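> Protein chains in written order, with my numbering: chain A, 1 to 246; chain B, 1001 to 1642.
I have a structure I would like to understand better, so I am pasting it below and will then ask my questions one at a time.
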C-alpha cells in the first residue's frame, strides 16, 4: 500500500553564491578568520502531509512558494533538514520532461533510454504503443529529436513519461506547451494515470486543472502550508470503481 | 517497517560499552546491570563489550548474554579492539534499541559512519571525557553526531546538563533519571546507626583504583590523623598507591582490600563509621557508591565537583563536602565526623532516608522503561526515508541505469561519425607512434618490442585521466536527471567509469594490433595481470567518486585536479621505461601512479611485482574506499550543489 507521511518537515536550502563554490576561498576564510556566512533559505517550513492510497493532492501557490522543492523532497532529491519523511511505494517523479533527452538521437532510441532510466525494459510493443499515443507519423520515429518542433517533442516526452502507472506520481507544471487537441488528450491520460496511481501530487498554477483532478488542494506560501482545501469531486463514481479494481 | 508494539515479543536492547563483569566492577557497570535486571519483564537485554581475557567470547552474567570482543589492551583509556566496530555493526541489526553508555568513542565512530541509523539509540551519559582532554577536538564532533542521532539522552542529575556544553546543545532530548538503589539488601534492623561505635575510626572508600577517584588524596589525608582507611577496589593505580602508603608509613592504618563481592561490600559498608568519596575530577558524575553508603546509613564525606556528586549527598545534611584534591580539608572533615558520634548518627539516618525516598529502584525502573519505550515507539512510527531505501535496494538498479547511460553515450559517438570512438583510437595510435619514435631516439633500446606496452600504458592512462576529469563535471551535466527524475547522483559518477571503460576497449585495439604484429605471442602474463588490473580500475572509480563529488561542491578544484593528474603522469614511468630513468627516483617512488601501473604491468611482461608496490596500492585503495563511503554519505546533498 502506498503512503506518504511528512511530519513537521523543514528544508533549509543552502544558497551557494559564486564564492561559496571556492575551496580556496573557504580555506583562506578559515585562515583569516572571516566568518563565511552561508545564506540559507527555508524552502519548506514545518510541512505535515499525510496521504494514503487514493489521495490526489494539488499544490498551489505563487512562484517560489516551495511547490517544486516540496515535490523534490518527497521524491528524495533533497534530504529534509528536520522532521520525518516516510514513504511507501515506488515514486515516479515527472518534474521536468526534458531530463535525460539526447536531441541527436532518433526518437525511438530516446524513448528506449528514457524507459531504461525509469527502470523499464523497452520492448518493441511498448515503444509502438507510446508512439501511437503521440499521433505522430510512423517514419518520424527514426528522426533525431533535434528535428522535432517543441510541441511534437512534448508529445513524445509526455507519452513516454506517462506510459506506465506508478504507486506515487509527482507532477510538476508541464501541460501548457502542447496544442489544444493534445492537451485534452493528455489531460485525459493524466486523469487515467491519476486514477491508477495510488497517490498523485500535482503542482500547478492551473486552478481548474487542480479542481478537476485533485481531492484536496494545499496552498503553499513561503514554504508553509497556508491553507488546505478539500475538493468535492463532481463525478467520483468511475474513479472509485477503478480504485477498487486496481 | 513493522509496528513493533503489536508483537508480543519483548523488544531487545543492546547495551554498548567498553567493559563489563567479570573483568571489572564499578558504577557504570552497576548501572548497566541494574537496567538489565529491572527491565527484564519489558525488554530482553544483551551486552556487547571488549575484554582482554582470552576466555570464551560469549558469557552470561546475571541471566544476560554478554559478548566480549577481544581487545589487545588499552590505548588512551580505550580498548584496542579492532573487531569491535564490525561486531557492533552485525549486532545492531538484531536488536530493537541501542543503549550506548557514553563516553565510548569507539562506538561513536561506528555511529558517525552512519551505521545503526535505523535503530533507535538511547545514550546513557555517564561522564564527559576528562582524562584525555587533548583528544577532544577529534572526539567531540563524533560524540555530537551520536547525540544528534540519539532519541533520548539519560543523565543522572540535571546539573550535568548545565555543566556540560555538549549536552546543553541537546537539552530537549535529555531525561534526568537518578540511579536507583535497592535499599532492602542493606538489612536495616541489624544496622544500628544510633548505636554507633564510640571508638569508631574506620573510614571506608570504594571504587576502581584509577587516578580520578582521588584515593591518593585520601591516603595523604590520613597522615596527620588517627583514623583507619580501608579502600575497596582494584585497578591500574594499585602499585602507585601501595608505594605511597609505604612512603608515608601508613601501612598499619591504610589498607587496600582489592576487589570484594557485593555481599562482602555491603557488610563492610555497614561496618564502617564514615564513607569517603575523594574523587578529584568531573569524571565522577554521580557516585553510585556513595548512594550505597547512604543506603547503609553511613555519613559521607565527598568533594565539591561540578557534577551530581555533592547533590546526591548534600553538605551539612548527609555529607560534609570538601574541595577536591585537598588532603587537609578532607582529613579535617573525616576527623570532625569521627569525633562526633551524635552527628554521625544524625547524618546516617538522613542519608538512609534520602536513599529510600529519593533514589528508589522502582522510580528508576519506571523512568527507564518510559524512556526506552518511547524511543522504540518513536522509531517504529518514524520510517526509513525513501532515499535510504533507494540506496540499498536500488544499488543494482543504479548500476544498470549507469550502464544504459554509458552505452547510449558510446552510441552517440557513432551517431555523429561512422568511426565513432575509433577516432580516438586513431589519435592514440598516432601518439604512440610519435612517442615511440622520440623515445627510440633518446634511448638505444629496441623500441619496436616496447611499443605494445607503451600503447597499453597510454590506453590505461587515458582511461584513468578521462574518468577522473569526466567525473568532475558529471554531476553538473546531469543536473536535470538528478533534480527532476530523482536519480541518485552516484549513477552519473559510475557512468563516467563505464563510458570510459567502453572507450578504453576501443582504444585497446591499438596495443592489441601492435602486440599481434611485433612481439612473440605469450598469453601467460595476461592472466597474472588481471588482479592488478582490477585493482587499477577499482582505484580509478573510487578516485573519480571522491574527486567528482568534491569538484562539484568546490568548483575551483577542477583545474587543480587536471594539473595534478598531468604532473603525476609526467612523474611516473608510464611512457618512460625504467632504464631511461633512475628507477629509484624519490618522486617517482612516492607517486601513486607508479605503483598503480606496476601492479599490472610487471606481471604482464612476466616480471614480479614489488611487495612495496602492492602494499602501497592496497593502502591507497583502503584510504580511497573510506573516502568513498564518506562521499556516498554526503552525496545526498549533491542536489544542492548543482
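From the three backbone atoms N, C-alpha and C, an ideal C-beta is built for every residue, glycine too.
Every value quoted in this text rests on a predicted model; they were computed, and no experiment measured them.
1. Using 8 Å as the Cβ pair cut-off and three pairs as the minimum, do the segment 1445 to 1456 of chain B and the segment 1502 to 1514 of chain B touch?
2. Do residue 1518 of chain B and residue 1426 of chain B have their CB atoms nearer than 8 Å?
3. Rank A:60, A:111, A:96, A:226 by C-alpha distance to the C-alpha of residue 129 of chain A and give the top, closest one.
4. Considering only the beta carbon of each residue, do residue 1095 of chain B and residue 1028 of chain B sit closer than 8 Å?
5. Alpha carbon to alpha carbon, how far is residue 1160 of chain B from residue 24 of chain A? Give it in angstroms, no decimals.
6. For a test of the three-state rule: what should DSSP assign to residue 88 of chain A, helix, strand or coil?
7. Smallest Cα separation from residue 54 of chain A: which of A:74, A:167, A:94, A:132?
8. Quick one: grab the DSSP three-state call for residue 214 of chain A.
9. Should the segment 1239 to 1255 of chain B be regarded as contacting the segment 1278 to 1285 of chain B, the criterion being three or more beta carbon pairs within less than 8 Å?
10. Please classify residue 1273 of chain B as buried or exposed, where buried requires at least 16 neighbouring CB atoms within 10 angstroms.
11. With 16 as the cutoff for other CB atoms within 10 Å, does residue 1544 of chain B come out buried or exposed?
12. Using three-state DSSP, classify residue 1255 of chain B as helix, strand or coil.
13. Where residue 1023 of chain B and residue 43 of chain A are concerned, what is the direct C-alpha to C-alpha distance, given to the nearest angstrom?
14. Between residue 1036 of chain B and residue 1216 of chain B, what straight-line distance do the alpha-carbon atoms span, to the nearest angstrom?
15. For residue 171 of chain A, which residues in chain B fall below 7 Å Cβ to Cβ?
16. The alpha helix (DSSP H) with residue 1045 of chain B in it runs from where to where?
17. Which residues mark the beginning and the end of the alpha helix (DSSP H) in which residue 1431 of chain B is found?
18. State the CB to CB distance for the pair residue 64 of chain A and residue 6 of chain A, rounded to an integer number of angstroms; the pair is presumed to be in contact (CB under 8 Å).
19. Would DSSP call residue 1360 of chain B helix, strand or coil?
20. With DSSP collapsed to three states, give me the class of residue 1377 of chain B.
21. Step through the CB atoms of chain A and report whether any lies within less than 8 Å of the CB of residue 1624 of chain B.
22. Residues of chain A with CB under 7 Å from residue 1637 of chain B, in chain order?
23. Contact between the segment 1402 to 1410 of chain B and the segment 1150 to 1166 of chain B: three or more CB pairs below 8 Å?
24. Residue 192 of chain A to residue 1417 of chain B, Cα distance in whole Å?
25. Would the beta-carbon of residue 45 of chain A fall within 8 Å of that of residue 224 of chain A?
26. CB-CB under 7 Å to residue 1181 of chain B, same chain, minus the five flanking residues each way: which ones, in chain order?
27. So residue 117 of chain A contacts chain B; which residues on that side make the cut at Cβ distance below 8 Å?
28. Kindly indicate which residue of A:27, A:165, A:28, A:9 has the alpha-carbon position closest to the one of residue 91 of chain A.
29. Report the residue ranges of all beta strand (DSSP E) runs contained in full by the segment 74 to 123 of chain A; include only those spanning at least 3 residues, in chain order.
30. For the segment 1264 to 1329 of chain B, list the alpha helix (DSSP H) runs that are entirely contained and at least 4 residues long, ordered along the chain.
31. When you check each C-beta in the segment 1096 to 1113 of chain B against every C-beta of chain C, which residues fall closer than 7 Å?
32. Please give me, in chain order, every unbroken run of the alpha helix (DSSP H) with length at least 4 that falls completely inside the segment 1135 to 1183 of chain B.
33. So, at 7 Å on beta carbons, what are the nonlocal neighbours of residue 1170 of chain B in its own chain, with the 5 sequence-adjacent residues on each side left out?
34. Whose C-beta lies closer than 8 Å to the C-beta of residue 17 of chain A among residues of the same chain, with five residues either side of it excluded?
35. Are any of the Cβ atoms in chain A nearer than 8 Å to that of residue 1469 of chain B?
36. Do residue 1145 of chain B and residue 1107 of chain B have their C-beta atoms closer together than 8 Å?
Working from what's here:
1. Contact between the segment 1445 to 1456 of chain B and the segment 1502 to 1514 of chain B is present, because at least three Cβ pairs lie under 8 Å.
2. Position 518 of the second chain holds residue 1518 of chain B. Position 426 of the second chain holds residue 1426 of chain B. Cβ atoms of residue 1518 of chain B and residue 1426 of chain B: not closer than 8 Å.
3. For this step, residue 129 of chain A is matched to residue 129 along the first chain. Out of A:60, A:111, A:96, A:226, the CA that lies nearest to the CA of residue 129 of chain A is found in A:111.
4. For this step, residue 1095 of chain B is matched to residue 95 along the second chain. For this step, residue 1028 of chain B is matched to residue 28 along the second chain. No, these two residues do not count as a Cβ contact at 8 Å.
5. Reading the first chain from its first residue, position 24 is the one you call residue 24 of chain A. Reading the second chain from its first residue, position 160 is the one you call residue 1160 of chain B. For residue 24 of chain A and residue 1160 of chain B, the gap between their C-alpha atoms comes out near 41 Å.
6. The residue labelled residue 88 of chain A in the question sits at position 88 within the first chain. Residue state, collapsed to three classes: strand.
7. Reading the first chain from its first residue, position 54 is the one you call residue 54 of chain A. The shortest Cα separation from residue 54 of chain A among A:74, A:167, A:94, A:132 belongs to A:167.
8. Along the first chain, read from residue 1 onward, the residue named residue 214 of chain A stands at position 214. Three-state DSSP puts residue 214 of chain A in coil, outside helix and strand.
9. Judged by Cβ distances under 8 Å, the segment 1239 to 1255 of chain B makes no contact with the segment 1278 to 1285 of chain B, as fewer than three pairs qualify.
10. Here residue 1273 of chain B refers to the residue found at position 273 of the second chain. Looking at its Cβ environment, which holds 16 or more other Cβ atoms inside 10 Å, residue 1273 of chain B is buried.
11. In the second chain, the residue the question calls residue 1544 of chain B occupies position 544. That one is buried.
12. Position 255 of the second chain, counted from the first residue, corresponds to residue 1255 of chain B. Strand.
13. Numbered from 1 along the second chain, position 23 holds the residue referred to as residue 1023 of chain B. Numbered from 1 along the first chain, position 43 holds the residue referred to as residue 43 of chain A. Their Cα atoms are separated by approximately 54 Å.
14. Taking the second chain and counting its residues from 1, one reaches residue 1036 of chain B at position 36. Taking the second chain and counting its residues from 1, one reaches residue 1216 of chain B at position 216. If I take the Cα positions, the gap works out to 34 Å.
15. Sequence index remark: in the first chain, residue 171 of chain A carries index 171 (1-based). Those do not exist, as residue 171 of chain A stays about 11 Å from chain B at its closest Cβ, beyond 7 Å.
16. Residue mapping note: residue 1045 of chain B aligns to position 45 of the second chain, counting from 1. Segment 1044 to 1051 is the beta strand (DSSP E) holding residue 1045 of chain B; no alpha helix (DSSP H) there.
17. Taking the second chain and counting its residues from 1, the one referred to as residue 1431 of chain B is at position 431. That run of the alpha helix (DSSP H) goes 1422 to 1442.
18. For the purposes of this step, residue 64 of chain A is taken as residue 64 along the first chain, with counting starting at 1. For the purposes of this step, residue 6 of chain A is taken as residue 6 along the first chain, with counting starting at 1. Rounded, the Cβ-Cβ distance is 20 Å, inconsistent with contact.
19. Mapped onto the second chain, residue 1360 of chain B falls at position 360. Residue 1360 of chain B: strand per DSSP, three-state reduction.
20. The count along the second chain starts at 1 and reaches residue 1377 of chain B at position 377. Three-state result, residue 1377 of chain B: helix.
21. The residue given as residue 1624 of chain B occupies position 624 in the second chain. Judged by the 8 Å Cβ criterion, residue 1624 of chain B is not in contact with chain A.
22. Within the second chain, numbered from 1, the residue matching residue 1637 of chain B stands at position 637. 79, listed in chain order.
23. These segments do not touch.
24. Start at 1 with the first residue of the first chain, and residue 192 of chain A comes out as number 192. Start at 1 with the first residue of the second chain, and residue 1417 of chain B comes out as number 417. Residue 1417 of chain B has its alpha-carbon roughly 43 Å from the corresponding atom of residue 192 of chain A.
25. In the first chain, counting from the first residue as 1, residue 45 of chain A sits at position 45. In the first chain, counting from the first residue as 1, residue 224 of chain A sits at position 224. Taking 8 Å as the Cβ cut-off, residue 45 of chain A and residue 224 of chain A qualify as a contacting pair.
26. Counting from one through the second chain, the residue named residue 1181 of chain B turns up at place 181. Excluding residues within five positions, the ones whose Cβ falls inside 7 Å are 1291, 1292, 1295, 1355, 1359, 1361.
27. For this step, residue 117 of chain A is matched to residue 117 along the first chain. The contacting residues are 1401, 1404, 1405, 1481, 1485, 1487.
28. On the first chain, position 91 is the one that residue 91 of chain A refers to. For residue 91 of chain A, the nearest C-alpha among the options comes from A:165.
29. 82 to 88, 91 to 94
30. 1288 to 1295, 1309 to 1312
31. Within the model displayed, chain C is absent; protein chains A and B are what it includes.
32. 1136 to 1149, 1158 to 1163, 1165 to 1168
33. Translated into positions along the second chain, residue 1170 of chain B becomes position 170. These residues qualify, in order along the chain: 1147, 1153.
34. Counted from its first residue, the first chain places residue 17 of chain A at position 17. If we look at residue 17 of chain A and ignore the five residues flanking it on each side, its Cβ neighbours are 39.
35. For the purposes of this step, residue 1469 of chain B is taken as the residue at position 469 of the second chain. No, its Cβ sits nowhere closer than 8 Å to a Cβ of chain A.
36. Indexing the second chain from 1 puts residue 1145 of chain B at position 145. Indexing the second chain from 1 puts residue 1107 of chain B at position 107. Result no, Cβ atoms of residue 1145 of chain B and residue 1107 of chain B do not sit closer than 8 Å.
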